[in-house]
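Sequences listed follow chains A and B, in order.
Heads up: take any position in the first sequence, counting from 1, add 164, and you land on the numbering used here.
Heads up: take any position in the second sequence, counting from 1, add 19, and you land on the numbering used here.
Built from N, CA and C at the ideal position, the CB exists for glycine as well.
No experiment lies behind these values; they were computed from the predicted model shown.
Below: one structure, written as structure tokens.
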Amino acid sequence: MADAIRIENLQKSFRIGFIPKTREILKGITFSVREGETFGYLGPNGAGKTTTIKSLLGLIHPDAGTITIFGRPHSSPRSREALGFLPENPYFYDYLTGREFLAFTADLFGLCREEKAERIARLLKLVGLERAADLPLRKYSRGMLQRAGLAQALVNDPKLVVLDEPLGGMDPIGRKEIRDIIVRFKDEGKTVFFTSHILQDIEMICDRVAIIVGGRIVKEGGLRDLVSEKVLFTEVTVSGVPPLAFAGLGESISAQGDRVLLRVYGEARVDEVVRLVHDSRGRLIALSPRTETLEDIFVDTVTRT
Amino acid sequence: MKIRAIAGITFKEAKRDRILYLLFFFAAVGIVASRVLAILTVGDRIKIIKDVGLASISLFGVLMAILIGTGLVYKEIDKKTIYTLLAKPLYRAEFILGKFLGLVVTLFVMTAAMTLIFLAIAYAHTLKFEGRLLVAVAYIFLELVLITAVAILFSSFSTPILSSLFALAFYLIGHLSWGLELIIKKMQPGAGKVLVRGLYMILPDLENFNFKTEVVHGLTIPPGIYLSSFLYGVCYTAFILGLAVLIFRRRDFI
Chain A
165 MADAIRIENL QKSFRIGFIP KTREILKGIT FSVREGETFG YLGPNGAGKT TTIKSLLGLI
225 HPDAGTITIF GRPHSSPRSR EALGFLPENP YFYDYLTGRE FLAFTADLFG LCREEKAERI
285 ARLLKLVGLE RAADLPLRKY SRGMLQRAGL AQALVNDPKL VVLDEPLGGM DPIGRKEIRD
345 IIVRFKDEGK TVFFTSHILQ DIEMICDRVA IIVGGRIVKE GGLRDLVSEK VLFTEVTVSG
405 VPPLAFAGLG ESISAQGDRV LLRVYGEARV DEVVRLVHDS RGRLIALSPR TETLEDIFVD
465 TVTRT
Chain B
20 MKIRAIAGIT FKEAKRDRIL YLLFFFAAVG IVASRVLAIL TVGDRIKIIK DVGLASISLF
80 GVLMAILIGT GLVYKEIDKK TIYTLLAKPL YRAEFILGKF LGLVVTLFVM TAAMTLIFLA
140 IAYAHTLKFE GRLLVAVAYI FLELVLITAV AILFSSFSTP ILSSLFALAF YLIGHLSWGL
200 ELIIKKMQPG AGKVLVRGLY MILPDLENFN FKTEVVHGLT IPPGIYLSSF LYGVCYTAFI
260 LGLAVLIFRR RDFI
């Protein structure tokens, strides 16, 4: 599968303060986002997430390194033809109505009149802003602005969507709706690159993640690989076997009737439990490995770095 | 198409600015007051009306260009609306040109409105329409276009207050630099003369756009002067815009 985004050895430092002092923000970032995947970019505040996104979009000039978007160098505006971007805090022209704002962004992609009208109507419906379409943006709530921002990011029907904290400031229903839209992107074959502090959302949506700490990528990989690296224990529910039979194999958490819930550590012991149930002619009802959540891995990685 | 979209949004934003209407109000008051001044004058009254009218259009036009132009690019960066714009397939040069054209259109509308009032006042006095006045206004407008480019240049790297001061200084230097020409004529040949000549070449000479005296007093102007002034305006504006684009392209939007 081709790369939608390819970032190699990206470095960026800023000179700040009255007596300028160089502060290195990105210290040689390398990762790629494959076409069609949903990629989560995580990191604590100040780690360099937004700097990476700004470099990708050509808003800041990297000191070193290369960035390509669908094989094109990021410095060429043409590389952004198939890209949609939602900034972290949506800042738009507040005197425009939602519809006018979308029409303006459509003009920046040179859409013809019919295509523009059709696209705007479809997007307003998609993000649930049909009734507020003719209100000026200054009257929008934060959640509504976020939706308007998402709509403008999709006005060119992009192959790659870059979302900086898309779920921030949304109520639970709004969050679910935006999450559903992001999941729909995947079904439509779009590539999604997004940052979020809400790790449960990333866990639910992403195929792969990268964790950036102090300007360096400290972990990158498929979500399943990262998470399944650490199976803490396995919960096994069995029936028809007395709890005492599992002594030494696992802890009995609860017993209801002849149903027993066991916590078993280590894969070898899980195999032994399964064999024991089979030999005792009991029934294996459920077997669920409990892995660390993404949040555990994130906290662990950040504190260790 | 993209430049037109940016220009359109700039025009929409500029025409919401109250300062524009305040300046327009004062310009209108100045033009109308010229009629009162004319009544108090002994001699050729229409000359006073033309003089004060054209000066009002020029002065308030320049203030509009500076006060609105210096905030345009800065506001986009300050309010972070630029993030959404530059994330689109848009060259930074297109952004600068769009901003410039949007303000030029705004100034065109305002200059046209001020000129209408001016022509109406002049017509009320003489009962005839004088086409030559439009030539003077056209060159005032050309000067406003150049000042707009200068305001946008400073706005691309500085705050509105500093940019306004820089642009105002450019305007004042531009109207006083012709004095250097006199100095050059009176200087002895040597390094000093070369230096002053070099300075005169670099500094803007906005008197090139000043046809007010000729128009008011009915003096003839050789056609070559019109053309050279026009070319000077176009080339200087293109140079300043080029500089603005160069600076803007190198900027990081943190």
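Tell whether a beta-carbon distance below 8 Å holds between P226(A) and L174(A).
Taking the first sequence and counting its residues from 1, the one referred to as residue 226(A) is at position 62. Taking the first sequence and counting its residues from 1, the one referred to as residue 174(A) is at position 10. Yes.
Alpha-carbon spacing of K231(B) relative to L299(A), whole angstroms:
Mapped onto the second sequence, residue 231(B) falls at position 212. Mapped onto the first sequence, residue 299(A) falls at position 135. As the crow flies, the alpha-carbon of K231(B) is around 47 Å from that of L299(A).
Any beta carbon of chain A sitting closer than 8 Å to that of D271(B)?
Numbered from 1 along the second sequence, position 252 holds the residue referred to as residue 271(B). At least one chain A Cβ lies under 8 Å of D271(B).
Any contact of the stretch 203-215 of chain A with the stretch 227-240 of chain A, i.e. 3+ C-beta pairs under 8 Å?
Here the stretch 203-215 of chain A makes no contact with the stretch 227-240 of chain A; the two share fewer than three CB pairs at distances below 8 Å.
With a threshold of 8 Å on Cβ separation, who are the neighbours of A52(B) within its own chain once the five nearest residues in sequence on each side are excluded?
What you label residue 52(B) is simply residue 33 of the second sequence in a count that begins at 1. Same-chain partners within the cutoff: V71.
Members of the stretch 263-285 of chain A that neighbour chain E once the beta carbon cut-off is set at 8 Å:
The chain labelled as chain E is not found among the protein chains of the depicted structure, namely A and B.
Could you give the first and the last residue of the continuous beta strand (DSSP E) run that contains T261(A)?
Along the first sequence, one-based indexing puts residue 261(A) at 97. Membership of T261(A) in any beta strand (DSSP E) is not indicated, and neither H nor E is assigned to it by DSSP.
Check the DSSP bridge columns for I233(A) and list the partner residues they point to.
Within the first sequence, residue 233(A) is the residue found at index 69, counting from 1. DSSP lists I169(A) and R236(A) as partners of I233(A).
The stretch 144-157 of chain B contacting the stretch 232-240 of chain B, beta-carbon criterion three pairs below 8 Å:
Result yes; three or more Cβ-Cβ pairs closer than 8 Å.
Short CB-CB distance (under 8 Å) between L105(B) and chain A:
Along the second sequence, one-based indexing puts residue 105(B) at 86. Judged by the 8 Å Cβ criterion, L105(B) is in contact with chain A.
Cβ pair G379(A), G212(A) closer than 8 Å
On the first sequence, position 215 is the one that residue 379(A) refers to. On the first sequence, position 48 is the one that residue 212(A) refers to. A contact, by the Cβ cut-off of 8 Å.
DSSP state of L413(A), grouped into three classes?
Reading the first sequence from its first residue, position 249 is the one you call residue 413(A). In this structure, L413(A) counts as coil in the three-state DSSP scheme.
What does I224(A) touch in chain B if you count any residue whose Cβ is under 8 Å from its own?
Within the first sequence, numbered from 1, the residue matching residue 224(A) stands at position 60. Those are D271, F272 and I273, listed as they occur along chain B.
Buried/exposed call for L116(B), threshold 16 Cβ in 10 Å:
Start at 1 with the first residue of the second sequence, and residue 116(B) comes out as number 97. With 16 or more other Cβ atoms within 10 Å, it is buried.
Just the Cα atoms here: how many angstroms apart are D224(B) and T167(B)?
By 1-based counting over the second sequence, the position of residue 224(B) is 205. By 1-based counting over the second sequence, the position of residue 167(B) is 148. Each residue's Cα considered, the two are about 16 Å apart.
Report the three-state DSSP secondary structure of I449(A) (helix, strand or coil).
The residue given as residue 449(A) occupies position 285 in the first sequence. Residue state, collapsed to three classes: strand.
For Y205(A), write down the residues that DSSP places opposite it in a beta bridge.
The residue you call residue 205(A) lines up with position 41 of the first sequence. Within the DSSP bridge table, the entry for Y205(A) names T359(A) and A374(A) as partners.
Rounded to whole angstroms, how far is the Cβ of S174(B) from the Cβ of L91(B), which I believe are closer than 8 Å?
Your numbering for residue 174(B) matches position 155 in the second sequence. Your numbering for residue 91(B) matches position 72 in the second sequence. Going by Cβ atoms, the distance from S174(B) to L91(B) rounds to 6 Å, so yes, they are a contact pair.
CB R54(B) to CB I140(B), shorter than 8 Å?
In the second sequence, residue 54(B) corresponds to position 35, counting from 1. In the second sequence, residue 140(B) corresponds to position 121, counting from 1. A contact, by the Cβ cut-off of 8 Å.
Cβ neighbour criterion (16 or more within 10 Å) applied to S243(A)
The residue labelled residue 243(A) in the question sits at position 79 within the first sequence. Buried, since its Cβ has 16 or more Cβ neighbours within 10 Å.
List, in order along the chain, the chain A residues whose C-beta lies closer than 8 Å to that of T100(B)?
Position 81 of the second sequence, counted from the start, is the residue given in the question as residue 100(B). Chain A residues near T100(B): Y255, F256 and Y257.
Can you tell me whether DSSP reads A297(A) as helix, strand or coil?
Reading the first sequence from its first residue, position 133 is the one you call residue 297(A). In the structure shown, A297(A) sits in coil (DSSP, three-state: anything other than H, G, I, E or B).
is_contact[L91(B), chain A] using C-beta, thresh 8 Å
As a position in the second sequence, residue 91(B) is number 72, starting the count at 1. Not an interface residue.
Decide yes or no for the touch test of the stretch 29-44 of chain B against the stretch 60-68 of chain B: beta carbon pairs closer than 8 Å, at least 3 of them.
Not touching, per the Cβ criterion.
Nearest by alpha-carbon distance to N229(B): which of S247(B), K212(B), R216(B) and G217(B) is it?
Against the second sequence, residue 229(B) aligns to sequence position 210. Closest by alpha carbon: S247(B).
Closest to I193(A) by CA distance: which of T457(A), M368(A) and I231(A) is it?
Mapped onto the first sequence, residue 193(A) falls at position 29. Taking only the C-alpha atoms, the option nearest I193(A) is I231(A).
Give me the subset of the stretch 198-224 of chain A whose CB atoms are less than 8 Å from a CB atom of chain B, sorted by chain position.
Of all residues in the stretch 198-224 of chain A, the ones placed with a Cβ closer than 8 Å to any Cβ belonging to chain B are K218, L221, G222, L223 and I224, in chain order.
K21(B) CB to nearest chain A CB: under 8 Å?
Here residue 21(B) corresponds to residue number 2 of the second sequence, with the count starting at 1. Yes, contact with chain A.
F397(A) - containing alpha helix (DSSP H), residue span
The sequence position of residue 397(A) within the first sequence is 233, counting from 1. For F397(A), there is no enclosing alpha helix (DSSP H); the residue is found in the beta strand (DSSP E) stretching over V395 to S403.
Check whether F189(B) and V169(B) have beta carbons under 8 Å apart
Taking the second sequence and counting its residues from 1, the one referred to as residue 189(B) is at position 170. Taking the second sequence and counting its residues from 1, the one referred to as residue 169(B) is at position 150. Yes. Within cutoff.
Where R244(A) meets chain B, residues with beta-carbon distance less than 7 Å
For this step, residue 244(A) is matched to residue 80 along the first sequence. Under the 7 Å cutoff, chain B gives A106, K107 and P108.
Rounded separation between A296(A) and R388(A) - CA only:
For the purposes of this step, residue 296(A) is taken as the residue at position 132 of the first sequence. For the purposes of this step, residue 388(A) is taken as the residue at position 224 of the first sequence. Going by C-alpha positions, A296(A) is about 40 Å away from R388(A).
Roughly how many angstroms separate the alpha carbons of L448(A) and V438(A), rounded to a whole number?
Translated into positions along the first sequence, residue 448(A) becomes position 284. Translated into positions along the first sequence, residue 438(A) becomes position 274. If you take the alpha carbons of L448(A) and V438(A), they lie about 7 Å apart.
Quick check: the Cα distance between F178(A) and P330(A), rounded to an integer number of angstroms?
Numbered from 1 along the first sequence, position 14 holds the residue referred to as residue 178(A). Numbered from 1 along the first sequence, position 166 holds the residue referred to as residue 330(A). Distance between the alpha carbons of F178(A) and P330(A) is about 26 Å.
I'd like to know if the stretch 363-376 of chain A and the stretch 400-409 of chain A are in contact, where contact means that at least 3 CB-CB pairs between them fall below 8 Å.
Contact between the stretch 363-376 of chain A and the stretch 400-409 of chain A is absent, because fewer than three Cβ pairs lie under 8 Å.
Under three-state DSSP, which class holds V382(A)?
As a first step, residue 382(A) is located in the first sequence; it is residue number 218 there, counting from the start. In the structure shown, V382(A) sits in a strand (DSSP, three-state: E or B).
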